[in-house]
Structure formats: structure tokens, C-alpha cells
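Q: Below are the C-alpha cells for one structure; questions will follow.
There are 2 protein chains.
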Amino acid sequence: MKARVTVTLKNGVLDPQGKAIEGALKSLGVDGIASVRQGKVFDIELGTADKSQAEASLKAACEKLLANTVIENYRVELT
Amino acid sequence: MKARVTVTLKNGVLDPQGKAIEGALKSLGVDGIASVRQGKVFDIELGTADKSQAEASLKAACEKLLANTVIENYRVELT
Chain X
23 MKARVTVTLK
33 NGVLDPQGKA
43 IEGALKSLGV
53 DGIASVRQGK
63 VFDIELGTAD
73 KSQAEASLKA
83 ACEKLLANTV
93 IENYRVELT
Chain E
23 MKARVTVTLK
33 NGVLDPQGKA
43 IEGALKSLGV
53 DGIASVRQGK
63 VFDIELGTAD
73 KSQAEASLKA
83 ACEKLLANTV
93 IENYRVELT
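The listed protein sequences correspond, in order, to chains X and E. For the first sequence, this note's numbering gives the first residue as 23, with consecutive numbering after it. For the second sequence, this note's numbering gives the first residue as 23, with consecutive numbering after it.
What follows is the structure, encoded as C-alpha cells:
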């Protein structure tokens with residue numbers, strides 16, 4: 023079983039990395055980009071075929087390590 | 023117009039960051055995780071409402087800055 027976890031900054035949290043990318047794109051001459059926010063994505067392979075067990079593992083992984091829930095949101099998609 | 027760009031390592035490219043996360047999850051006692059690969063996600067707001075122009079800008083952004091196409095794949099989703 024495979025899953026994709028997407029971790030993004032919450033609204034209102036400053037994103038200097040995104041701002042830097044925005045500036046870099048402007049200096050590279052890429053037009054039409056209004057704003058950029060960067061997040062992380064984790065492609066996870068699970069050892070179990072049981073969906074609810076997989077979801078529990080992924081939730082634990084997100085809460086404990088992958089996302090800082092004070093400033094970040096996470097979304098889990100099982101594929 | 024908004025877009026999400028997902029950049030992931032190509033198959034076969036070593037991912038020490040993913041390996042480290044895998045190890046950390048094991049030591050934290052999270053079971054059932056077989057492997058982890060990390061990628062990046064960019065949430066981009068575009069200044070244009072024209073779809074083909076947006077796609078051209080995003081392609082240029084990916085090729086020039088967001089992805090290293092030698093070792094990474096990227097996927098653009100307009101939302």
C-alpha cells in the first residue's frame with residue numbers, strides 16, 4: 023500500500039523560502055507568478071494492506087515527525 | 023489562478039533524506055512504514071487567468087528553477 027503525505031504551511035505563517043523563490047523567478051524572467059509557498063511531500067510505502075492500520079500509522083508519523091502541527095497542515099492520501 | 027507543482031526524485035536516485043526519515047520513524051516506534059521518499063511541493067498563485075499562458079509560465083519556472091530535471095520529475099496541476 024502506498025500513500026502520499028503533503029505538508030504545507032498554515033495560512034498566515036510567513037514563508038521566506040517561498041518569497042525567495044518568487045524573487046528568483048522574477049529575476050529569471052518568468053512572468054505571471056504572483057506568489058509561491060513551499061511545502062513538503064512524502065511518498066510512503068506501507069508494509070500493511072489493512073487500510074485503517076495504514077491510516078493510523080500515517081497519522082502517528084505525521085503528528086510525531088513529518089509535520090509541525092503548530093504551523094503546518096498535513097494531508098494524507100492513500101493510493 | 024492557482025497551481026500546485028510537485029517535484030519528486032526520479033526512480034533509482036538515492037534519497038538519503040527519505041532514508042533518515044524512515045530510520046527516525048522506526049526509532050519513534052511508528053510501525054508499518056516500509057520506505058519513505060521526500061519531495062517538494064510549491065503552491066503557486068498566478069497573475070493570469072489564461073490557462074495556456076499559465077501553463078507556459080509554470081513550465082518555465084519548473085525547468086529553470088523548481089526542478090533539477092536530471093534527477094527530478096515534476097508535475098503541474100492547475101486548480
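From the three backbone atoms N, C-alpha and C, an ideal C-beta is built for every residue, glycine too. Just so it is clear, the structure is predicted and the values come from calculations on it, not from any experiment.
What does the Cβ neighbour count give for residue 55 (chain X), buried or exposed, with the cut at 16 atoms within 10 Å?
A: Residue 55 (chain X) is buried by the Cβ-count criterion.
Q: So residue 67 (chain X) contacts chain E; which residues on that side make the cut at Cβ distance below 7 Å?
A: Result: 56, 57.
Q: Would you kindly check if the distance between the Cβ of residue 23 (chain X) and the Cβ of residue 88 (chain X) is under 8 Å?
A: Not a contact, by the Cβ cut-off of 8 Å.
Q: What does residue 65 (chain X) pair with, by DSSP beta-bridge criteria?
A: Answer by DSSP bridge pairing, in chain order: X:26, E:59.
Q: Since residue 86 (chain E) meets chain X, which of its residues come closer than 7 Å, beta carbon to beta carbon?
A: In chain order: 50, 52.
Q: Where does residue 31 (chain E) sit, in a helix, a strand or coil, going by DSSP?
A: Residue 31 (chain E): strand per DSSP, three-state reduction.
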